[in-house]
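Asker:
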Amino acid sequence: MVLAALPAALRGQGGSTSATIAGRGIVAATYSSREPLGGDLAKLQVVQPMLMAHATAYGGALRVTSTVDFEAWTIPDGELTIAAWGEGFVDRRHPHTVLHELMVSGVGRLADAEFSLSGGKGFAAFGSDDPANRLTLRYPVNHHWSQILERAVLTGGVLAGPVMAEVSLFNGDEPEYPQESPNFSRFGDSWSARLTALPVRGLQLEASYASVQSPEHRAGSGTDQDKWHASAQWTRPLAGHPFYAMAEWAETVEGDGLFVFDSFLAEASWDLGATRLYYQFERTERPEEERIFGEPTRSVRPHLEDAILGTTRWTLNTVGVGRDLLAGGGALRLRPFVEASYITVASAGPGVFDPALWYQGTDFWGLTLGITVGLGRTAFSHLMGRYGVSEDILGRSVAPHQH
Amino acid sequence: MRIHMAYRAALGLALLAPAAGCGSDSAGPAPTRLIVVAGGDGQSAPVATGAVLTAKVTDVSGTPEEGVTVTWSVVSGGGTITASSVTSGAGIASGTFTLGQVAGQQRARATAEGVGGAPATFTVTGTAGPATQLKKSTGDGQTGWAGSPLPLAYAVVAQDQYNNPVAGVTVTWAVTSGGGTLSSPSSVTAASGAATAVHTLGNTTAAQSATATVAGLTGSPVTFTATSTTGIRLVSTVGVPANYGLHDTFVRDGLAFLCVWDEGVFIYDFGNGIAGGTPEAPKRVGSLVTAGGNAHNAWWYHSPSGSKRYLFVGEEGPGSVGSSSSGDIHVVDVSNLAAPVEVGSYHMTIAGGTGSAGTHNFWVDEANEILYAAYYNGGVVALDISGTLPADLSSRELARIQPGGAGNTFVWGVMQYQGGDLFASDMLSGFWRLRYTGGAFSVVGGGNNVPERFTSDLWVQNGYGYTGGWGNRGTQPGNAVKVWQLGAGTPLLVDSVITSGITTVSDVQVSADGKLLVFSAENGPNAGLHVYSLAGSPSQPVFLAKYLVAQGLHTATVETVAGRTFVFAARNPANPALMTFEITSLVP
Chain A
4 MVLAALPAAL RGQGGSTSAT IAGRGIVAAT YSSREPLGGD LAKLQVVQPM LMAHATAYGG
64 ALRVTSTVDF EAWTIPDGEL TIAAWGEGFV DRRHPHTVLH ELMVSGVGRL ADAEFSLSGG
124 KGFAAFGSDD PANRLTLRYP VNHHWSQILE RAVLTGGVLA GPVMAEVSLF NGDEPEYPQE
184 SPNFSRFGDS WSARLTALPV RGLQLEASYA SVQSPEHRAG SGTDQDKWHA SAQWTRPLAG
244 HPFYAMAEWA ETVEGDGLFV FDSFLAEASW DLGATRLYYQ FERTERPEEE RIFGEPTRSV
304 RPHLEDAILG TTRWTLNTVG VGRDLLAGGG ALRLRPFVEA SYITVASAGP GVFDPALWYQ
364 GTDFWGLTLG ITVGLGRTAF SHLMGRYGVS EDILGRSVAP HQH
Chain B
19 MRIHMAYRAA LGLALLAPAA GCGSDSAGPA PTRLIVVAGG DGQSAPVATG AVLTAKVTDV
79 SGTPEEGVTV TWSVVSGGGT ITASSVTSGA GIASGTFTLG QVAGQQRARA TAEGVGGAPA
139 TFTVTGTAGP ATQLKKSTGD GQTGWAGSPL PLAYAVVAQD QYNNPVAGVT VTWAVTSGGG
199 TLSSPSSVTA ASGAATAVHT LGNTTAAQSA TATVAGLTGS PVTFTATSTT GIRLVSTVGV
259 PANYGLHDTF VRDGLAFLCV WDEGVFIYDF GNGIAGGTPE APKRVGSLVT AGGNAHNAWW
319 YHSPSGSKRY LFVGEEGPGS VGSSSSGDIH VVDVSNLAAP VEVGSYHMTI AGGTGSAGTH
379 NFWVDEANEI LYAAYYNGGV VALDISGTLP ADLSSRELAR IQPGGAGNTF VWGVMQYQGG
439 DLFASDMLSG FWRLRYTGGA FSVVGGGNNV PERFTSDLWV QNGYGYTGGW GNRGTQPGNA
499 VKVWQLGAGT PLLVDSVITS GITTVSDVQV SADGKLLVFS AENGPNAGLH VYSLAGSPSQ
559 PVFLAKYLVA QGLHTATVET VAGRTFVFAA RNPANPALMT FEITSLVP
């Protein structure tokens with residue numbers, strides 16, 4: 004579809020035009036030792052089923068990036084993920100919108116600097132890469148603190164030497180269900196800026212700020228957010244094997260300072276041949292909202308008020324190992340993995356939400372056995388959320404890391 | 019005069035006729051005499067009675083002719099008439115027209131030999147005779163809501179012996195069973211013979227009947243029967259923008275003040291008369307967006323001096339339940355209801371936490387001109403609202419109290435009981451009895467008495483207090499209405515009403531007559547409006563009816579408009595609306 008959208012004249016022009024398309028999905032059997040209101044739960048789910056396309060023309064001056072996500076049909080009730088939250092889901096990772104991203108970028112050069120302008124639906128220039136492009140299957144709790152995605156967005160970027168600056172305009176509202184489009188009437192009510200630097204080989208430093216208007220209320224009357232993010236990423240071989248590490252801090256201030264949510268996350272991976280070992284530590288605060296009667300993993304939507312029940316702080320340790328079975332083969336890619344998490348929760352500050360009562364305890368174990376199935380050369384390397392110069396800076400810093 | 023004119027016209031036609039006939043083979047023989055109306059045309063007479071008609075016969079020159087036989091016939095109306103009569107020396111012949119039995123115009127004519135095609139025509143109006151019978155017309159056998167008017171009026175028809183409608187008959191109406199009322203004790207029949215009355219059914223499902231009586235008439239009295247049903251009746255729905263929706267509604271004097279969050283305060287006429295609105299068809303009067311939006315609740319203040327200038331609006335800002343809150347009290351001048359203007363506000367600052375607190379529900383002691391406002395973590399505040407209010411009401415603060423103490427206070431609502439003590443519902447610390455005297459609050463009793471649930475709204479009446487529950491405290495849903503005996507000191511818990519399938523009792527109120535307990539419920543399959551009877555005992559509510567609303571109802575305000583009892587309820591997003599229910603039929 005994306006290819007069809009390209010002007011016919013740009014196709015088939017030798018080296019100046021290229022296109023890739025790939026698909027992937029994960030079959031995962033996940034166990035959680037503790038659930039809301041007590042008890043344990045195991046589920047077999049297909050998560051992150053996606054079709055991804057990337058095309059370039061005019062030697063990369065024109066680019067199209069698209070990801071179509073089918074989670075609306077495979078996990079309509081969310082992915083079993085204790086501590087995850089957002090878009091009306093709690094302790095479940097919400098399904099992403101069907102049209103996850105469709106961005107068109109124009110890239111040009113002026114002297115030694117590279118400029119880009121990207122527009123469409125996708126990620127705003129803020130924070131770190133999407134968790135689907137990183138190590139763990141388990142989405143971090145800070146998903147809504149460290150990324151801004153699925154918006155109608157216009158991003159301008161400049162890459163000059165080891166420094167990249169990006170600014171995005173977008174609509175503040177988050178989607179409420181997978182088939183929902185951004186509220187285009189709100190385009191431009193929110194903005195973000197991200198500064199990325201590569202001071203030494205293998206090191207990437209990043210700092211972001213975003214002013215997001217009413218993300219939780221589509222009409223625009225909800226509380227606003229000021230979001231800060233900073234990260235450091237290191238990608239250099241360790242003992243002769245590829246090594247990656249990243250640490251990020253994020254803070255979201257909401258309601259004119261009434262609510263402050265902090266997050267710290269650090270993760271690392273070490274590739275020993277076709278085997279990858281990885282670990283992630285996270286400590287993140289999240290708001291607690293009133294849950295729907297009979298659906299303890301959903302919160303009341305639409306909102307009635309701007310009140311929350313309190314804040315919880317989640318501490319997660321996740322360790323995993325995966326192996327590429329067909330790394331040198333053809334289009335089919337298989338990567339089985341096993342991932343285990345130990346999680347604790349505590350109240351962070353005042354409020355009436357008592358996690359010990361709600362979960363009948365405060366510690367959780369999780370275990371996932373899964374296999375990532377990819378089809379296509381870029382099945383494991385397609386990066387979401389990077390457009391224009393943000394895509395190009397990758398060649399100067401890190402290789403993509405995915406679970 | 020009419021006779022004279024008719025005569026002249028006929029004469030003229032007769033004189034012209036021969037000339038007109040020249041050259042025309044189809045013309046009949048020329049008339050040799052004329053016949054005209056002499057008397058009796060245009061008269062009225064009761065049906066089936068005789069009316070005398072007279073005709074005059076002359077020659078073509080106008081000279082009366084004697085001894086001419088005049089033939090009479092009925093043209094319409096079904097009556098009878100003298101077959102023939104002979105003219106006198108003045109050319110006059112008379113006949114008696116016995117009218118038909120149907121009221122209305124009846125016609126007859128007279129003719130004689132030699133008059134050609136120009137007979138004399140008479141019109142007589144037959145009028146109904148005296149009423150002799152009373153018959154049922156419409157309205158019998160209806161089913162309606164107990165306590166409410168039937169959709170159709172009862173109607174009877176007075177008729178004479180020939181079934182003609184008789185106007186001007188006075189019909190006496192009376193309820194004979196069921197305890198309802200009629201729109202009038204008597205009514206007079208119209209030209210159609212009908213007299214009507216509207217039956218407002220009694221508040222019972224027992225047999226309901228009424229009679230229409232006219233003494234001496236056959237068929238009187240006429241009995242009408244109706245079947246009454248009881249329940250909650252949705253009478254109108256007023257949609258509001260899907261922008262956090264509608265929160266509380268304050269109703270007074272037939273006006274409803276809808277607090278519609280960032281959309282502001284909408285003022286609707288539900289029977290005040292200012293805009294011709296009714297509960298079934300409310301009309302918008304005006305609106306205002308208060309500073310900061312988040313309009314949550316209101317109180318239209320009527321001062322002892324009679325001033326109705328001020329509307330107090332509560333702003334419910336963001337907060338963390340149990341610990342922090344925000345939002346001010348806004349003062350709106352509603353002297354012109356069509357164009358309200360904000361003229362002041364009150365902001366509470368507190369020590370600790372975020373340094374401020376936000377308001378929730380109000381109660382106004384109008385006699386003493388004091389506004390009591392629940393202020394969540396700020397507790398309860400008393401404000402002097404006498405006279406002209408300043409832009410900043412901070413100087414009007416009289417006293418405040420955190421009944422549960424810092425960290426254990428999150429007051430949802432406050433209400434004064436019979437002009438004396440105040441009662442407060444605290445989400446954290448339960449149900450309190452407070453007293454404001456000498457410029458200071460004190461705790462009389464209560465508190466820390468609902469440890470298992472978050473307490474929500476309250477109402478005090480009949481010597482009892484009623485408190486709701488909110489959300490989940492741990493895993494315990496706020497699905498209870500607790501009943502408290504107020505006594506003179508510490509409130510005593512005497513009963514609870516548990517409603518399965520909800521997590522929140524969001525608003526509680528007792529009807530003004532003390533007979534109905536009404537609460538709104540949210541979050542669950544039983545969300546909606548619930549009505550209980552307190553008629554047997556105010557300490558033991560008895561379930562009467564419920565009206566389920568899938569989205570839940572956020573608030574429910576009980577008010578009487580034109581003698582009928584309504585609930586003004588806020589339906590939650592995604593399609594928020596003010597739903598107006600009539601519950602008159604449930605009033606015991």
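Just so you know, the sequences run in chain order A and B.
Take the first sequence: its letter number 398 is residue 401 in the numbering used here, and every next letter is one higher.
Take the second sequence: its letter number 45 is residue 63 in the numbering used here, and every next letter is one higher.
From the three backbone atoms N, C-alpha and C, an ideal C-beta is built for every residue, glycine too.
1. Could you have a look at ALA75 (chain A) and say whether DSSP puts it in helix, strand or coil?
2. Quick one: grab the DSSP three-state call for ALA359 (chain A).
3. Quick check on PRO339 (chain A): does DSSP put it in helix, strand or coil?
4. Could you compute how far the alpha carbon of VAL67 (chain A) sits from the alpha carbon of VAL359 (chain B)?
5. Tell me the start and end of each unbroken beta strand (DSSP E) in the segment 399-467 of chain B that is at least 3 residues and wholly inside, in chain order.
6. Identify every residue that forms a DSSP beta bridge with TYR34 (chain A).
7. Starting from GLU577 (chain B), trace the alpha helix (DSSP H) both ways and give me its first and last residue.
8. Quick one: any contact between the segment 209-220 of chain B and the segment 249-261 of chain B, if contact means 3 or more CB pairs under 8 angstroms?
9. Determine the extent of the beta strand (DSSP E) in which VAL189 (chain B) is found, giving its start and end residues.
10. Using the rule of at least 16 other Cβ atoms within 10 Å of the residue's Cβ for burial, across every protein chain shown, is TRP279 (chain B) buried or exposed?
11. To the nearest angstrom, report how far apart VAL526 (chain B) and ALA574 (chain B) are at their CA atoms.
12. Would VAL352 (chain B) and TYR390 (chain B) qualify as a contact pair, given that the criterion is a beta-carbon distance under 9 angstroms?
13. Taking the alpha-carbon positions, what's the GLY41 (chain B) to ILE53 (chain B) distance?
14. To the nearest angstrom, how far is it from the Cα of GLY483 (chain B) to the Cα of GLY554 (chain B)?
15. Compile a chain-ordered list of the residues in the segment 268-300 of chain B whose CB is closer than 8 angstroms to at least one CB of chain A.
16. Who are the near neighbours of THR116 (chain B) in its chain, counting only those whose CB is closer than 6 angstroms to its CB and skipping five residues on each side?
17. How many Å lie between THR139 (chain B) and GLY122 (chain B) at the Cα?
18. In three-state DSSP terms, what is ALA135 (chain A)?
19. Below 8 angstroms on the Cβ atoms is my guess for GLN11 (chain B) versus SER195 (chain B); work out the distance and round it to an integer in Å.
20. One question on the structure: do SER514 (chain B) and ALA498 (chain B) come within less than 9 angstroms of each other, judged by their Cβ atoms?
21. Below 9 angstroms between beta carbons is the criterion; list the residues of the segment 351-376 of chain A that meet it against any residue of chain B, in chain order.
22. Indicate whether at least one CB of chain B lies closer than 9 angstroms to the CB of PRO305 (chain A).
23. Would you kindly check if the distance between the Cβ of ALA385 (chain B) and the Cβ of GLY438 (chain B) is under 9 angstroms?
24. If you draw a straight line from the alpha carbon of ALA22 (chain A) to that of SER342 (chain B), how long is it in whole angstroms?
25. Between ALA248 (chain A) and TRP148 (chain A), which are expected to be in contact by the criterion C-beta below 8 angstroms, what is the C-beta distance as a whole number of angstroms?
26. Going straight from the alpha carbon of GLY225 (chain A) to that of ASN261 (chain B), what length do you get?
27. How many angstroms separate the CA atom of ASN174 (chain A) from the CA atom of SER121 (chain A)?
28. With C-beta atoms as the reference, is GLY111 (chain A) less than 9 angstroms away from ALA64 (chain A)?
29. Could you pull the DSSP bridge partners for PRO495 (chain B) from this structure?
30. Please list, in chain order, the residues of the segment 488-519 of chain B that have any C-beta partner in chain A closer than 8 angstroms.
31. Quick test of your reading: ALA196 (chain A) and TYR212 (chain A), contact by CB under 8 angstroms. State the CB separation rounded to the nearest angstrom.
32. Which partner residues does LYS153 (chain B) have in the DSSP bridge list?
33. So with CB distances below 8 angstroms, who are the chain A contacts of ALA260 (chain B)?
34. Does THR226 (chain A) have its Cβ less than 9 angstroms from a Cβ in chain B?
35. So what's GLU183 (chain A) in DSSP terms, helix, strand or just coil?
36. Output yes if chain B places a C-beta closer than 9 angstroms to the C-beta of LEU44 (chain A); else output no.
Answerer: Judging by the given coordinates:
1. For this step, residue 75 (chain A) is matched to residue 72 along the first sequence. Helix, per DSSP.
2. The count along the first sequence starts at 1 and reaches residue 359 (chain A) at position 356. ALA359 (chain A): helix per DSSP, three-state reduction.
3. Taking the first sequence and counting its residues from 1, one reaches residue 339 (chain A) at position 336. Strand at PRO339 (chain A).
4. In the first sequence, the residue the question calls residue 67 (chain A) occupies position 64. In the second sequence, the residue the question calls residue 359 (chain B) occupies position 341. Computed Cα separation, rounded: 53 angstroms.
5. 415-419, 429-434, 440-444, 448-455, 458-464
6. Numbered from 1 along the first sequence, position 31 holds the residue referred to as residue 34 (chain A). Note: TYR34 (chain A) sits in a beta bridge opposite A:ALA45, A:LEU370.
7. By one-based count along the second sequence, residue 577 (chain B) stands at place 559. Element bounds for GLU577 (chain B): not the alpha helix (DSSP H) but the beta strand (DSSP E), 571-579.
8. no
9. The residue labelled residue 189 (chain B) in the question sits at position 171 within the second sequence. Per DSSP, VAL189 (chain B) belongs to the beta strand (DSSP E) from 188-195.
10. Here the question's residue 279 (chain B) lines up with position 261 in the second sequence. Counting Cβ neighbours within 10 Å, TRP279 (chain B) comes out buried, since at least 16 surround it.
11. As a first step, residue 526 (chain B) must be located in the second sequence, where it is residue number 508. As a first step, residue 574 (chain B) must be located in the second sequence, where it is residue number 556. The alpha-carbon atoms of VAL526 (chain B) and ALA574 (chain B) are separated by roughly 7 angstroms.
12. Taking the second sequence and counting its residues from 1, the one referred to as residue 352 (chain B) is at position 334. Taking the second sequence and counting its residues from 1, the one referred to as residue 390 (chain B) is at position 372. Not in contact: VAL352 (chain B) and TYR390 (chain B) (Cβ atoms no closer than 9 angstroms).
13. Numbered from its first residue, the second sequence carries residue 41 (chain B) at position 23. Numbered from its first residue, the second sequence carries residue 53 (chain B) at position 35. Any reading at GLY41 (chain B) needs caution, since the residue's pLDDT is 37, under 50, leaving its predicted position unreliable; the model's value is listed next. Their backbone Cα atoms lie some 26 angstroms apart in a straight line.
14. Along the second sequence, one-based indexing puts residue 483 (chain B) at 465. Along the second sequence, one-based indexing puts residue 554 (chain B) at 536. Near 16 angstroms, if we compare the C-alpha coordinates of GLY554 (chain B) and GLY483 (chain B).
15. TRP279, ASP280
16. Working through the second sequence from its first residue, we reach residue 116 (chain B) at position 98. Only GLY68, GLY97, THR98 meet the Cβ criterion.
17. Counting from one through the second sequence, the residue named residue 139 (chain B) turns up at place 121. Counting from one through the second sequence, the residue named residue 122 (chain B) turns up at place 104. The straight-line gap from Cα to Cα measures roughly 16 angstroms.
18. As a first step, residue 135 (chain A) is located in the first sequence; it is residue number 132 there, counting from the start. ALA135 (chain A): helix per DSSP, three-state reduction.
19. No statement about residue 11 (chain B) is possible, as the shown extent of chain B runs from 19 to 606 and does not include it.
20. Taking the second sequence and counting its residues from 1, one reaches residue 514 (chain B) at position 496. Taking the second sequence and counting its residues from 1, one reaches residue 498 (chain B) at position 480. Closer than 9 angstroms, so yes.
21. GLY352, PRO353, GLY354, VAL355, PHE356, ASP357, ALA359, LEU360, TRP361, GLN363
22. As a working note, residue 305 (chain A) is residue 302 in the first sequence. It does: the Cβ of PRO305 (chain A) has a partner Cβ on chain B nearer than 9 angstroms.
23. Against the second sequence, residue 438 (chain B) aligns to sequence position 420. Against the second sequence, residue 385 (chain B) aligns to sequence position 367. Contact flag unset, no.
24. Here residue 22 (chain A) is taken as the residue at index 19 of the first sequence, counted from 1. Here residue 342 (chain B) is taken as the residue at index 324 of the second sequence, counted from 1. The straight-line gap from Cα to Cα measures roughly 54 angstroms.
25. Translated into the one-based positions of the first sequence, residue 248 (chain A) becomes position 245. Translated into the one-based positions of the first sequence, residue 148 (chain A) becomes position 145. In fact, because the Cβ distance is near 20 angstroms, the residues do not count as touching under 8 angstroms.
26. In the first sequence, the residue the question calls residue 225 (chain A) occupies position 222. In the second sequence, the residue the question calls residue 261 (chain B) occupies position 243. Near 9 angstroms, if we compare the C-alpha coordinates of ASN261 (chain B) and GLY225 (chain A).
27. For the purposes of this step, residue 174 (chain A) is identified with residue 171 of the first sequence, where counting begins at 1. For the purposes of this step, residue 121 (chain A) is identified with residue 118 of the first sequence, where counting begins at 1. In a straight line, the C-alpha of ASN174 (chain A) is about 15 angstroms away from that of SER121 (chain A).
28. As a position in the first sequence, residue 111 (chain A) is number 108, starting the count at 1. As a position in the first sequence, residue 64 (chain A) is number 61, starting the count at 1. For GLY111 (chain A) and ALA64 (chain A), yes; Cβs fall inside 9 angstroms.
29. Your numbering for residue 495 (chain B) matches position 477 in the second sequence. Per DSSP, B:ASN490.
30. GLY489, ASN490, ARG491, GLY492, THR493, PRO495, GLY519
31. Taking the first sequence and counting its residues from 1, the one referred to as residue 196 (chain A) is at position 193. Taking the first sequence and counting its residues from 1, the one referred to as residue 212 (chain A) is at position 209. With 8 angstroms as the limit, ALA196 (chain A) and TYR212 (chain A) qualify as a contact, their Cβ atoms being about 6 angstroms apart.
32. As a first step, residue 153 (chain B) must be located in the second sequence, where it is residue number 135. B:VAL175.
33. Translated into the one-based positions of the second sequence, residue 260 (chain B) becomes position 242. Within chain A, the residues near ALA260 (chain B) are ALA222, PRO305.
34. Indexing the first sequence from 1 puts residue 226 (chain A) at position 223. Closer than 9 angstroms to some Cβ of chain B, the Cβ of THR226 (chain A) qualifies, so yes.
35. Along the first sequence, one-based indexing puts residue 183 (chain A) at 180. It is coil, neither helix nor strand.
36. As a first step, residue 44 (chain A) must be located in the first sequence, where it is residue number 41. Answer no: the Cβ-Cβ gap between LEU44 (chain A) and chain B never drops below 9 angstroms.
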